[in-house]
Every structure is written in structure tokens, then in C-alpha cells.
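All remarks here apply to the structure that follows.
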Amino acid sequence: MAEFALGAGLFFLLVLGALHFALAVHARHVAETAAVEGARWAAAEPADIARGEERARQVLRDGLGHWGDGYAVQGVDQGETVLMRVRGSYIFALPVLGGREVRFQTEAAVRKEGFRPGP
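Residue numbers (the working numbering): 5 to 123.
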């Protein structure tokens, strides 16, 4: 019976660790998608950075719920392109890891739509 208790504890710790890793990867993917969608919406005619930033925030809320509100979204008009940055973090809540925070930043650049004369 003692072997089961020790083995089960280790097993559940590994399962919870894998779950937290999957949630951190999910948060990273949602942030990447938010950056791409925000840049795409900001680059669409007529180009509007505020519209792109709001779209990125909406994708974060849809993918992460209320945790998405803690992410920073910044759009930059670079002339011919639009750059959208999304910064955020994920906190591992496992007691073994001590509430360790993983921070990440992702960005996407999209060329503005419109007619460009030339060869």
C-alpha cells in the first residue's frame, strides 16, 4: 500500500506538470495568433492601428478568458508595414515549481494593403 501511495503521488505530479506545460504552450500560441490577427486587421484598408490592437485583445480574451486581459498589446505603424507586439506570461501554479513565471513576447509584421505603382 505504501508503494502505491508513493507511486501515485509521483504519477499525479507528472500529470499536473504535463498539464501546466500544455497550458503554457497554449497561452503562447494564443499570443502568437493575436499578434498575427491584430497586424492583419491593422494593415487592412483603411489602415488603423487601434482596430488591430482591439482585434488582438479580442483574440486574447477568446483564447485565454479573463487571463488575456493581463497581456500587453502594442501596434506600430512602420510606413509600409504594421508591427503588432503581444507580451504576456504564464504562472506555473505547481507547489514544486514555486509559482514560477514564464514570460514571452511575440510579434507579427504585415504589409499594408493598397495599390502600389511600380514594376
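For each residue, glycine too, the CB sits at the ideal point set by N, CA and C.
I'd like to know whether the C-beta atoms of Val90 and Val114 end up nearer to each other than 8 Å. If you number the sequence shown from 1, residue 90 lands on position 86. If you number the sequence shown from 1, residue 114 lands on position 110. No; because the gap between Cβ atoms is not below 8 Å, this pair is not in contact.
Considering only their Cβ atoms, is the gap separating Ala46 from Gly79 smaller than 8 Å? Reading the sequence shown from its first residue, position 75 is the one you call residue 79. Reading the sequence shown from its first residue, position 42 is the one you call residue 46. Closer than 8 Å, so yes.
Could you say which of Gly92, Arg59, Asp66 lies nearest to Gly74 if we only look at CA atoms? Counting from one through the sequence shown, the residue named residue 74 turns up at place 70. Checking every option, the nearest Cα to that of Gly74 belongs to Gly92.
Below 8 Å on the Cβ atoms is my guess for Thr110 versus Ala43; work out the distance and round it to an integer in Å. Start at 1 with the first residue of the sequence shown, and residue 110 comes out as number 106. Start at 1 with the first residue of the sequence shown, and residue 43 comes out as number 39. About 11 Å separates the two Cβ atoms, so there is no contact after all.
Give the straight-line distance between the Cα atoms of Phe15 and Glu105, rounded to the nearest whole angstrom. Numbered from its first residue, the sequence shown carries residue 15 at position 11. Numbered from its first residue, the sequence shown carries residue 105 at position 101. Cα-Cα distance, rounded: 23 Å.
Any beta strand (DSSP E) of 3 or more consecutive residues that is wholly inside the region 71 to 106: 76 to 81, 85 to 95
Separation of Asp66 from Ala48, as counted between CA atoms: Looking up residue 48 in the sequence shown gives position 44. Looking up residue 66 in the sequence shown gives position 62. Roughly 21 Å between the two C-alpha positions.
So, Ala60 versus Glu41, is the Cβ gap smaller than 8 Å? What you label residue 60 is simply residue 56 of the sequence shown in a count that begins at 1. What you label residue 41 is simply residue 37 of the sequence shown in a count that begins at 1. Their beta carbons are under 8 Å apart, which means Ala60 touches Glu41 by this criterion.
Backbone CA spacing between Val34 and Ala9 [nearest angstrom]: For the purposes of this step, residue 34 is taken as the residue at position 30 of the sequence shown. For the purposes of this step, residue 9 is taken as the residue at position 5 of the sequence shown. Those two C-alpha atoms are separated by around 37 Å.
Just mark Glu57 as buried or exposed, buried being the case when its beta carbon has 16 or more other beta carbons within 10 Å. Sequence index remark: in the sequence shown, residue 57 carries index 53 (1-based). Counting Cβ neighbours within 10 Å, Glu57 comes out buried, since at least 16 surround it.
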